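Novice: Below is the structure I would like to discuss, written out as structure tokens.
Numbering (mature numbering (1 follows the signal peptide of the UniProt record, and there is no 0)), first residue to last: -18 to -1, 1 to 328.
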């Protein structure tokens, strides 16, 4: 869910900031109608290739981020995940940046550690799945993509992650697989149809959330004070992510030099009055203030309250966390190592 929202916002920002002549999805379809200008065609292919590459990286990115956050013994408010899009001439610093858009996801689901006791052989069904009434108290489902989507305000559906089942004891019982003939073709066909149906339902929900995000942004763009539309000349687009130091991904590099300025923008987003009082000096020192738009996507309030309670309980039980762990838990900004360069010709 987080990856789909992030890439959807990126495509919208590229078009509204005049970095592409048409929406990105439309550019994909227009590749069949090739222009004779080799230079323009090369720019178009480069942008679309980078966009598709980032889209393929984001799913594993948010999975790795969830794992890194789950390793934090004192989770605090880190469930609010921040994704940023920065437009400027330099991809390694914020110097000369013309605009940036912050996306706050409240909250990214973190997979819990689930322990499952040994299961006797008679509790295993012939199709290889656990019976529904087995150890249901040991497994807590945090959410599903099948939750209803409310139209107002914009809400984020919770993600369901694969959990790793860890035996409570080192001993494992050997369970013989039933003969192949016991499975039956009818059962496998029915399971396949059910999986296809669930995948189709999940995809429909994801597309519905994308449309809801775009509709909300379009409605906001009708207000001159809230819209993010801006006529900028083509430039580089950097994609940033706020993650702990322990975060590991081959396509993301830490940008410690961006952390201070990005954190100031984030604080201004969460507390505008505090930002105006305490960060006015820092803003006045910069030659040109970067225009910053902020978008917040929230989950259901009841779920947020429950996670906050669990967070406090985790903090109380983590008084002996070492200094090294605290350093690994520090949130800094990371940059995607790809290159997205806008173009306006067609």
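Just so it is clear, CB atoms sit at the ideal spot from N, CA and C, and this is done for glycine as well. Computed from a predicted model, the values in this text were never measured in an experiment.
If contacts are defined as beta-carbon pairs under 8 Å, then residue -14 and residue 87 qualify, I think. What distance do you get, rounded to the angstrom?
Specialist: Mapped onto the chain shown, residue -14 falls at position 5. Mapped onto the chain shown, residue 87 falls at position 105. Sure, about 7 Å apart at Cβ, within 8 Å.
Novice: Between residue 52 and residue 46, what straight-line distance do the alpha-carbon atoms span, to the nearest angstrom?
Specialist: Within the chain shown, residue 52 is the residue found at index 70, counting from 1. Within the chain shown, residue 46 is the residue found at index 64, counting from 1. Taking the straight line joining both Cα atoms gives about 10 Å.
Novice: Just how far apart, CA to CA, sit residue 11 and residue 313?
Specialist: What you label residue 11 is simply residue 29 of the chain shown in a count that begins at 1. What you label residue 313 is simply residue 331 of the chain shown in a count that begins at 1. C-alpha separation (whole angstroms): 39 Å.
Novice: Go ahead and pull the three-state DSSP assignment for residue 85.
Specialist: Along the chain shown, read from residue 1 onward, the residue named residue 85 stands at position 103. In this structure, residue 85 counts as strand in the three-state DSSP scheme.
Novice: Expressed to the nearest angstrom, what Euclidean distance is found between the alpha-carbon atoms of residue -1 and residue 214?
Specialist: To locate residue -1, count along the chain shown from 1; it is residue 18. To locate residue 214, count along the chain shown from 1; it is residue 232. When the Cα atoms are used, residue -1 and residue 214 turn out to be separated by approximately 6 Å.
Novice: Could you tell me whether the region 66 to 77 touches the region 232 to 241, using the rule of 3 or more Cβ pairs below 8 Å?
Specialist: yes
Novice: Inspect the beta-carbon positions of residue 3 and residue 234 and report whether they are closer than 7 Å.
Specialist: Translated into positions along the chain shown, residue 3 becomes position 21. Translated into positions along the chain shown, residue 234 becomes position 252. In this structure, residue 234 does not lie closer than 7 Å to residue 3 by Cβ.
Novice: Can you tell me the Cα-Cα spacing of residue 8 and residue 184, whole angstroms?
Specialist: Residue numbering aside, residue 8 sits at position 26 when the chain shown is read from its first letter. Residue numbering aside, residue 184 sits at position 202 when the chain shown is read from its first letter. If you take the alpha carbons of residue 8 and residue 184, they lie about 24 Å apart.
Novice: Out of curiosity, what's the CA-to-CA distance linking residue 318 and residue 21?
Specialist: To locate residue 318, count along the chain shown from 1; it is residue 336. To locate residue 21, count along the chain shown from 1; it is residue 39. Spanning the two alpha carbons is a distance of roughly 25 Å.
Novice: Which word fits residue 42, buried or exposed, when buried means at least 16 other C-beta atoms lie within 10 angstroms of its C-beta?
Specialist: Along the chain shown, one-based indexing puts residue 42 at 60. The residue is exposed, with fewer than 16 neighbouring Cβ atoms inside 10 Å.
Novice: Span of the beta strand (DSSP E) holding residue 220?
Specialist: Within the chain shown, the letter at position 238 stands for residue 220. Here the beta strand (DSSP E) through residue 220 covers 218 to 226.
Novice: Using a 10 Å radius around the Cβ and a threshold of 16 neighbouring Cβ atoms, would you call residue 200 buried or exposed?
Specialist: Position 218 of the chain shown holds residue 200. Label assigned to residue 200: exposed.
Novice: Touching or not, the region 24 to 40 and the region 204 to 211, by the rule of three or more beta carbon pairs under 8 Å?
Specialist: no
Novice: Out of 326, 24, -4 and 226, which one is the CA nearest neighbour of residue 310?
Specialist: What you label residue 310 is simply residue 328 of the chain shown in a count that begins at 1. Closest by alpha carbon: 226.
Novice: Taking a contact to mean a Cβ-Cβ separation below 7 Å, would you say residue 25 touches residue 325 in this structure?
Specialist: Taking the first residue of the chain shown as 1, we reach residue 25 at position 43. Taking the first residue of the chain shown as 1, we reach residue 325 at position 343. Result yes, Cβ atoms of residue 25 and residue 325 sit closer than 7 Å.
Novice: Look at the alpha carbon of residue -5 and the alpha carbon of residue 13, and state the distance between them as a whole number of angstroms.
Specialist: For the purposes of this step, residue -5 is taken as residue 14 along the chain shown, with counting starting at 1. For the purposes of this step, residue 13 is taken as residue 31 along the chain shown, with counting starting at 1. If you take the alpha carbons of residue -5 and residue 13, they lie about 18 Å apart.
Novice: With 16 as the cutoff for other CB atoms within 10 Å, does residue 224 come out buried or exposed?
Specialist: Here residue 224 refers to the residue found at position 242 of the chain shown. Its Cβ being crowded by 16 or more others within 10 Å, residue 224 is buried.
Novice: Span of the beta strand (DSSP E) holding residue 235?
Specialist: In the chain shown, counting from the first residue as 1, residue 235 sits at position 253. Start and end: 234 to 236.
Novice: In whole angstroms, what is the alpha-carbon distance linking residue 204 and residue 33?
Specialist: Within the chain shown, numbered from 1, the residue matching residue 204 stands at position 222. Within the chain shown, numbered from 1, the residue matching residue 33 stands at position 51. Going by the C-alpha atoms only, they are around 27 Å apart.
Novice: Determine the closest residue to residue 217 out of 206, 81 and 37, with distance taken between C-alpha atoms.
Specialist: Working through the chain shown from its first residue, we reach residue 217 at position 235. Minimum Cα distance to residue 217 is reached at 81.
Novice: Please report the straight-line C-alpha distance between residue -16 and residue 308, rounded to a whole angstrom.
Specialist: Here residue -16 corresponds to residue number 3 of the chain shown, with the count starting at 1. Here residue 308 corresponds to residue number 326 of the chain shown, with the count starting at 1. Rounded to whole angstroms, the separation of the alpha carbons of residue 308 and residue -16 is 27 Å.
Novice: Could you name each continuous beta strand (DSSP E) segment of 3 residues or more that falls completely within the region 31 to 73, going from the start of the chain to the end?
Specialist: Runs of the beta strand (DSSP E) lying entirely within the region 31 to 73 and spanning at least 3 residues, in chain order: 62 to 70.
Novice: Does residue 242 come out as helix, strand or coil in the three-state DSSP assignment?
Specialist: To locate residue 242, count along the chain shown from 1; it is residue 260. Of the three classes helix, strand and coil, the one that applies to residue 242 here is helix, per DSSP.
Novice: Quick check on residue 138: does DSSP put it in helix, strand or coil?
Specialist: For the purposes of this step, residue 138 is taken as the residue at position 156 of the chain shown. Note that residue 138 scores 40 on pLDDT, short of 50, meaning its location in the model is unreliable and no value can be drawn from it.
Novice: Nearest-angstrom Cα distance between residue 84 and residue 322?
Specialist: By one-based count along the chain shown, residue 84 stands at place 102. By one-based count along the chain shown, residue 322 stands at place 340. When rounded, the distance between both Cα atoms is 17 Å.
Novice: Nearest to residue 207 by alpha carbon, out of 193, 232 and 276?
Specialist: Locating residue 207 in the chain shown gives position 225, counting from the first residue. The shortest C-alpha separation from residue 207 is found at 276.
Novice: Reducing DSSP to helix, strand and coil, say where residue 76 ends up.
Specialist: Sequence index remark: in the chain shown, residue 76 carries index 94 (1-based). DSSP places residue 76 in coil when its eight states are reduced to three.
Novice: Which one of 252, 202 and 231 has the shortest CA to CA distance from residue -3?
Specialist: Within the chain shown, residue -3 is the residue found at index 16, counting from 1. Nearest option by C-alpha distance: 202.
Novice: Give me the Cα-Cα distance between residue 36 and residue 253, rounded to the nearest whole angstrom.
Specialist: As a position in the chain shown, residue 36 is number 54, starting the count at 1. As a position in the chain shown, residue 253 is number 271, starting the count at 1. Spanning the two alpha carbons is a distance of roughly 31 Å.
Novice: Quick check on the DSSP output: the beta strand (DSSP E) that includes residue 273 runs from which residue to which?
Specialist: For this step, residue 273 is matched to residue 291 along the chain shown. 273 to 280 is the span of the beta strand (DSSP E), which, as asked, contains residue 273.
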